[in-house]
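So the sequence shown is residues 1 to 137, counted in UniProt numbering. Positions of the beta carbon are idealized from the N, C-alpha and C atoms, including for glycine.
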Amino acid sequence: MSGLGLLALQSGAESNAGSLAGAVLVFVVNLLIGAVGIHTGARLIVDKDVGYRRAVFTALIGAIVWAVVAFFLGWIPLLGPILALVAWIGVINWRYPGGWGPATLIALVAWVIAALVLYALAAIGLFEFSALGIPGA
Numbered sequence: 001m002s003g004l005g006l007l008a009l010q011s012g013a014e015s016n017a018g019s020l021a022g023a024v025l026v027f028v029v030n031l032l033i034g035a036v037g038i039h040t041g042a043r044l045i046v047d048k049d050v051g052y053r054r055a056v057f058t059a060l061i062g063a064i065v066w067a068v069v070a071f072f073l074g075w076i077p078l079l080g081p082i083l084a085l086v087a088w089i090g091v092i093n094w095r096y097p098g099g100w101g102p103a104t105l106i107a108l109v110a111w112v113i114a115a116l117v118l119y120a121l122a123a124i125g126l127f128e129f130s131a132l133g134i135p136g137a
């Protein structure tokens with residue numbers, strides 16, 4: 001993944017504590033945006049209340065799995081990123097009912113929702129365009 005994002009209010013003269021607090025805030029906000037995307041996708045595709053906590057956990061585990069697979073296999077042209085994406089969809093498949101088809105659709109909806117939310121936040125200058133738990137967003 002290409003970073004967690006930056007707060008627009010951060011400056012170069014911050015203390016380490018301020019940088020850590022900013023990084024934690026950005027991590028949490030991006031995780032929640034990823035979870036909103038996954039939750040919305042699951043609600044639309046699985047068509048039942050699956051719970052927001054499940055989406056947060058799925059986004060967190062999905063981000064970790066994506067990062068590990070991308071770290072070890074990302075250097076392989078074309079195949080590395082595809083394997084990371086399949087691993088991320090595999091986490092969604094593991095966490096939600098329906099199999100690989102619905103998991104892929106949940107992932108697609110999650111990516112679109114996260115991209116729209118991040119675009120809106122970037123347009124008003126709050127965050128840069130990235131989300132934890134949603135690859136490529």
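Review point. Do you know whose CA, among D49, G51 and L85, lies nearest I64's CA?
Key: Of the listed residues, the one whose Cα sits closest to I64 is L85.
Check your understanding: Can you round the beta-carbon distance between I92 and T58 to whole angstroms, since I take them to be within the 8 angstroms contact cut?
Key -> Confirmed, Cβ separation roughly 6 angstroms.
Check your understanding: When you compare only the Cα positions, how much space is there between W21 and G98?
Key -> According to the sequence provided, residue 21 is Ala. The question's Trp does not apply to it. One C-alpha to the other measures close to 39 angstroms.
Practice item. Put G51 into one of helix, strand or coil per three-state DSSP. Key: G51 sits in coil when the DSSP states are folded into three classes, being neither helix nor strand.
Point to revise | Runs of alpha helix (DSSP H) wholly within the segment 67 to 115 (minimum 4 residues, chain order) | key: Complete alpha helix (DSSP H) runs here, min 4: 79 to 95.
Check your understanding: With 16 other CB atoms within 10 Å as the buried threshold, where does W94 fall?
Key -> W94 is classed as exposed because its beta carbon has fewer than 16 other beta carbons within 10 Å across all chains shown.
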